[in-house]
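Chemist: Numbering (the numbering used here), first residue to last: 59 to 186. Glycine is no exception: its CB is placed at the ideal position from the N, C-alpha and C atoms.
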Amino acid sequence: MDQNKENVVEVIEPHLKLRIKKEVEGLQFIKNFRSATAEEWYVFLPGFKDPQTGGAAGKVIIHYNLYGNRDVFINTTIIFDARELYVSQLHPLVYALSDEIVNRLVGYADTLLSVHAGENSYQAEYKA
Numbered sequence: 059m060d061q062n063k064e065n066v067v068e069v070i071e072p073h074l075k076l077r078i079k080k081e082v083e084g085l086q087f088i089k090n091f092r093s094a095t096a097e098e099w100y101v102f103l104p105g106f107k108d109p110q111t112g113g114a115a116g117k118v119i120i121h122y123n124l125y126g127n128r129d130v131f132i133n134t135t136i137i138f139d140a141r142e143l144y145v146s147q148l149h150p151l152v153y154a155l156s157d158e159i160v161n162r163l164v165g166y167a168d169t170l171l172s173v174h175a176g177e178n179s180y181q182a183e184y185k186a
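(1) According to DSSP, is alanine 154 helix, strand or coil?
(2) Could you tell me the boundaries of the beta strand (DSSP E) in which valine 101 lies?
(3) How many angstroms separate the CA atom of glutamate 177 from the CA atom of phenylalanine 138?
(4) In three-state DSSP terms, what is alanine 182?
(5) State the Cα-Cα distance for the pair proline 150 and valine 173, rounded to the nearest angstrom.
(6) In whole angstroms, give me the CA-to-CA distance for glutamate 158 and serine 93.
(7) Inspect the beta-carbon positions of valine 101 and threonine 134 and report whether they are closer than 8 Å.
(8) Compute the distance between the beta-carbons of isoleucine 119 and alanine 96, then report whether it is under 8 Å.
(9) Quick one: residues in its chain with C-beta nearer than 7 Å to the C-beta of tyrosine 184, no 5 flanking neighbours on either side, listed in chain order?
(10) Name the two residues that bound the continuous alpha helix (DSSP H) containing valine 173.
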């Protein structure tokens, strides 16, 4: 083990693990829009809703950046509208949901991800 690296141990409380499992298992999508280069999906979660409409907890925009076949990246943006997901203590839930969304909608393609969820916002890169 490299002595310059720290050991990172993430501890998730049991009640949060159960909530993550429930939300991931209940995760549903409806495609709202599709073009030759983009898709938009509404994300529905059992425990979260849009505060204004009472509908989808968020949306996913997938943009296919296909400028040749050598460096192909799929740009994915997840926007959570449910304000409860902005609470910093729910970061493990937001991360697990975002990871599951990318796996289901994008698969194992090279992906640049941007997640918008208040304090829980982050960016990531998935490399196949």
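Modeler: Walking through what the data contain:
(1) Position 96 of the sequence shown, counted from the start, is the residue given in the question as residue 154. Three-state DSSP puts alanine 154 in a helix.
(2) For the purposes of this step, residue 101 is taken as the residue at position 43 of the sequence shown. Run containing valine 101: 96-102, per the beta strand (DSSP E) assignment.
(3) Locating residue 177 in the sequence shown gives position 119, where the first residue counts as 1. Locating residue 138 in the sequence shown gives position 80, where the first residue counts as 1. Glutamate 177 and phenylalanine 138: Cα-Cα distance of roughly 11 Å.
(4) Walking along the sequence shown from the start, residue 182 turns up at place 124. In the structure shown, alanine 182 sits in a strand (DSSP, three-state: E or B).
(5) Position 92 of the sequence shown, counting from 1, holds the residue named residue 150. Position 115 of the sequence shown, counting from 1, holds the residue named residue 173. Their backbone Cα atoms lie some 13 Å apart in a straight line.
(6) Your numbering for residue 158 matches position 100 in the sequence shown. Your numbering for residue 93 matches position 35 in the sequence shown. Taking the straight line from one Cα to the other gives about 23 Å.
(7) Counted from its first residue, the sequence shown places residue 101 at position 43. Counted from its first residue, the sequence shown places residue 134 at position 76. Contact flag unset, no.
(8) Sequence index remark: in the sequence shown, residue 119 carries index 61 (1-based). Sequence index remark: in the sequence shown, residue 96 carries index 38 (1-based). Yes; because the gap between Cβ atoms is below 8 Å, this pair is in contact.
(9) Sequence index remark: in the sequence shown, residue 184 carries index 126 (1-based). Closer than 7 Å at Cβ, skipping near neighbours: Val160, Asp168, Thr169, Leu171.
(10) Locating residue 173 in the sequence shown gives position 115, counting from the first residue. Here valine 173 belongs to no alpha helix (DSSP H); instead the beta strand (DSSP E) covers 169-174.
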